[in-house]
Amino acid sequence: MTKVGTAFSPRNDPLEPLAVVGVGAVGRALANRLLRLTDEQLLGLSGIAGDDLLLVLGESLPWVDGVEYLGRDEGAPRLLMPATVRPVVATDLLERAIARKASKLPSPWAILFSPPRLISVAEARPIGRAHLENWLGAKG
Amino acid sequence: MLSPDAMSLIKPAAESIRVAVSEACRGLVQREMLVELVVLAAVAREHLLVVGPPGTAKSEAVRRISRRLGGRYFEYLIGRFTEPTEIFGPVNLRKLKEGIVETETAGMLPDAEIAFLDEVFLGSTAILNTLLGILNERTFRRGHTNTNCPLRICVGASNRIPEDEQLAAFADRFLVRAFVEPIGDSALEELLASGWSVRRGQDAALSSMAHLDTLANAALDMDLSALSPAIAQGVRLLRGAGIELTDRRVVRMQRLIASAAVLAGRTRATEADLWPMVFALPTEQAQHLGRDVLRDLLTASENGILLAAPAEGSLGPRARAARILKEGNAIMGDVPEDAKRDAWRLRLEGIAREIDASFSRDALPPELTALRAQIVDSLAARNDE
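Line by line, the protein sequences give chains F and D. With the numbering used here, letter number 9 in the first sequence gets 9, and the count goes up by one each step, no holes. Remember, the numbering used here sits 140 above the position in the second sequence when you count from 1.
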């Protein structure tokens, strides 16, 4: 993961949520919530997991307290960003800056603003119960 | 500016409308905006065109609000072979023998206070010409009959906006436009449950035509002078984006704005009341584009009586927050028995998701902060059960 910082401000018109991310304990709560979904509900979801972060993509996104929803701004089609805030720089400039700064990180990306984090979602995979349980087990 | 005396009449009238809208929406799924637009158009003394495929509860929504408003209601499905007598009434045969062509209008459209005409554009030239007089002047003229109509609002429904020039001219008489789609996948369970439990014909009137008239008269007295620059700016932005607006439409959308202000209990219209401009745009594409073009102008949109329509029209945060708050409080107040707890829990999570996906923590309105905390506590408590 790469750290990319930018200031941001609230959006009056939030982005449509396309992904949800949980960090730390929230990520674990999100994984536990996913385990309570049916197999059919899990089929519609894909995700990517890091050391302390779980990101889920799909249409019927789950909710737990503390998650952040990400959407796609039309100015930055390769970038998922928090749905409720916008960066102070133009989104197309932000995407180009990311493409330059994180050239070794394959797109598409997801960016979190607080704390600043940049993740590649190119390797997102269908979510399986075994994967979730292994990830939770590794967290202790 | 409306006087305190006027406001003393307006407030109970607006409150009765609020209750009527709320009860009319009970059991309807994703049709709250349509019900509210019927009320807005009725207060503005304008007419509403609903465009959408068959079977999307257009007539049910209009029927429900009509019953709750207490108006004399007339509904008809128009076909290519519909005769004028089926809508306006039969000819009085006794008078006809005397050489007088008089129409018996009792119980028919000219006698109605609220009307719903399904497939309105399929009407013959004879029907549409007579209808034009009723829509424009609230006057029914046919043969020797020339009578005033008590019509507050006519709701027309169609599968599509007509492209024919003459029909388009007729369609322009419907100032307010609502576009409805079949219910989305996420609301199917709710649709099935509400459809199964619906009880027909038991809706008592909760408001009245007198209340509607009080609000309509107040809307005519509403001071819009301070808002004229903003309205003009909005029209310029829309025209700049290529959205065609007739002069009639531009002038008459002010009635909608004034009506929104009256319903909101304001003595003077403000930027919070500009959202109806979107619903005066004639096509679905124009409304999509218009919301985007007018986004900054409509940021302050909110209305205490109408919740779904300002939220849909403006995409503004205040209107959105009011709608979420109403839905969330309704779910929190309706805790089911154990067997249905899982479904209730999912609905609560849905509200929490909508809050978190719509507002950053720093920008969360205080009332939603409180609702969110209640939801988190409720879900945590049920986790422990």
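Glycine residues also receive a C-beta, built at the ideal position from the N, C-alpha and C atoms.
>> Closest to A412 (chain D) by C-alpha separation, out of D:P422, D:A398 and D:E424, would be which residue?
In response: Residue 412 (chain D) sits at position 272 when you count from the first residue of the second sequence. Closest by alpha carbon: D:A398.
> Are the CB atoms of D312 (chain D) and T222 (chain D) nearer to each other than 8 Å?
Replying inline: Within the second sequence, residue 312 (chain D) is the residue found at index 172, counting from 1. Within the second sequence, residue 222 (chain D) is the residue found at index 82, counting from 1. No, these two residues do not count as a Cβ contact at 8 Å.
> Nearest to G22 (chain F) by alpha carbon, out of F:F8, F:P10, F:L61 and F:D13?
Replying inline: The count along the first sequence starts at 1 and reaches residue 22 (chain F) at position 22. Closest option to G22 (chain F), Cα to Cα, is F:L61.
>> Classify H351 (chain D): buried if its beta carbon has 16 or more other beta carbons within 10 angstroms, exposed otherwise.
In response: Residue numbering aside, residue 351 (chain D) sits at position 211 when the second sequence is read from its first letter. Buried: at least 16 other Cβ atoms inside 10 Å.
> With DSSP run on the structure shown, which of helix, strand or coil describes P82 (chain F)?
Replying inline: As a working note, residue 82 (chain F) is residue 82 in the first sequence. Strand.
> Considering I495 (chain D), what are the terminal residues of the alpha helix (DSSP H) in which it resides?
Replying inline: Here residue 495 (chain D) is taken as the residue at index 355 of the second sequence, counted from 1. First-last of the alpha helix (DSSP H) with I495 (chain D): R481 to S498.
> Out of curiosity, what's the CA-to-CA distance linking G430 (chain D) and I383 (chain D)?
Replying inline: Counted from its first residue, the second sequence places residue 430 (chain D) at position 290. Counted from its first residue, the second sequence places residue 383 (chain D) at position 243. Taking the straight line joining both Cα atoms gives about 8 Å.
>> Mapping the DSSP letters down to three states, classify D258 (chain D) as helix, strand or coil.
In response: Numbered from 1 along the second sequence, position 118 holds the residue referred to as residue 258 (chain D). D258 (chain D) falls in the strand class under three-state DSSP.
> Does the distance from the CB of R220 (chain D) to the CB of A164 (chain D) come in under 8 Å?
Replying inline: Here residue 220 (chain D) is taken as the residue at index 80 of the second sequence, counted from 1. Here residue 164 (chain D) is taken as the residue at index 24 of the second sequence, counted from 1. In this structure, A164 (chain D) does not lie closer than 8 Å to R220 (chain D) by Cβ.
> Mind checking whether F228 (chain D) and T279 (chain D) have CB atoms under 8 Å apart?
Replying inline: Locating residue 228 (chain D) in the second sequence gives position 88, where the first residue counts as 1. Locating residue 279 (chain D) in the second sequence gives position 139, where the first residue counts as 1. Contact: no.
>> My parser needs the alpha helix (DSSP H) runs of 4 or more residues fully inside the region 416 to 443 of chain D; what are they?
In response: 416 to 419 and 424 to 433
> Which residues in chain F sit within 7 Å of G456 (chain D), going by Cβ to Cβ distance?
Replying inline: Position 316 of the second sequence, counted from the first residue, corresponds to residue 456 (chain D). Those within 7 Å of G456 (chain D) in chain F are N12.
> Can you tell me whether A124 (chain F) is buried or exposed, with buried defined as 16 or more other CB within 10 angstroms of its CB?
Replying inline: Translated into positions along the first sequence, residue 124 (chain F) becomes position 124. Classification for A124 (chain F): buried.
> With which residues is V88 (chain F) paired in a DSSP beta bridge?
Replying inline: Within the first sequence, numbered from 1, the residue matching residue 88 (chain F) stands at position 88. The partner list for V88 (chain F) (beta bridge, DSSP) is empty, contrary to what the question assumes.
>> So with CB distances below 8 Å, who are the chain D contacts of P17 (chain F)?
In response: Start at 1 with the first residue of the first sequence, and residue 17 (chain F) comes out as number 17. Within 8 Å Cβ-Cβ: R493 and A497.
> Does the separation of the CB atoms of L396 (chain D) and A160 (chain D) fall below 8 Å?
Replying inline: Stepping through the second sequence from its first residue, residue 396 (chain D) is reached at position 256. Stepping through the second sequence from its first residue, residue 160 (chain D) is reached at position 20. No, the Cβ-Cβ distance between L396 (chain D) and A160 (chain D) is not below 8 Å.
> Sorted by chain position, which residues of the same chain lie with C-beta nearer than 6 Å to G283 (chain D)'s C-beta, five sequence neighbours on each side aside?
Replying inline: Translated into positions along the second sequence, residue 283 (chain D) becomes position 143. Cβ within range, chain order: V241.
> At which residue ranges does the region 225 to 293 of chain D contain complete beta strand (DSSP E) runs of 3 or more residues, listed in the order of the chain?
Replying inline: 254 to 258, 279 to 282 and 285 to 288
>> Can you look up G58 (chain F) in the DSSP assignment and give me helix, strand or coil?
In response: The sequence position of residue 58 (chain F) within the first sequence is 58, counting from 1. Strand, per DSSP.
> Taking all protein chains shown into account, do 16 or more other C-beta atoms lie within 10 angstroms of the C-beta of N443 (chain D), making it buried, or fewer, making it exposed?
Replying inline: In the second sequence, counting from the first residue as 1, residue 443 (chain D) sits at position 303. With 16 or more other Cβ atoms within 10 Å, it is buried.
> Per DSSP, which one or two residues make a beta bridge with R125 (chain F)?
Replying inline: One-based indexing of the first sequence puts residue 125 (chain F) at position 125. DSSP output for R125 (chain F) lists F:G47 as bridge partner(s).
> Going by Cα to Cα distance, which pick from D:R388, D:E424, D:A252 and D:L364 is closest to L209 (chain D)?
Replying inline: Indexing the second sequence from 1 puts residue 209 (chain D) at position 69. Of D:R388, D:E424, D:A252 and D:L364, the residue nearest in Cα terms is D:A252.
>> For the ligand MG, is there any heavy atom lying closer than 7 Å to the beta carbon of L446 (chain D)?
In response: The ligand MG is absent from the structure shown, which contains no ligand whatsoever.
> Skipping 5 residues on each side, what residues in its chain have a beta carbon closer than 8 Å to that of W109 (chain F)?
Replying inline: Indexing the first sequence from 1 puts residue 109 (chain F) at position 109. Hits under 8 Å: R78, L79, L80, I98, A102, L118, I119, S120 and V121.
> Which of the three DSSP states, helix, strand or coil, is assigned to R408 (chain D)?
Replying inline: Taking the first residue of the second sequence as 1, we reach residue 408 (chain D) at position 268. Looking at R408 (chain D) - three-state DSSP - the assignment turns out to be coil, as it is neither helix nor strand.
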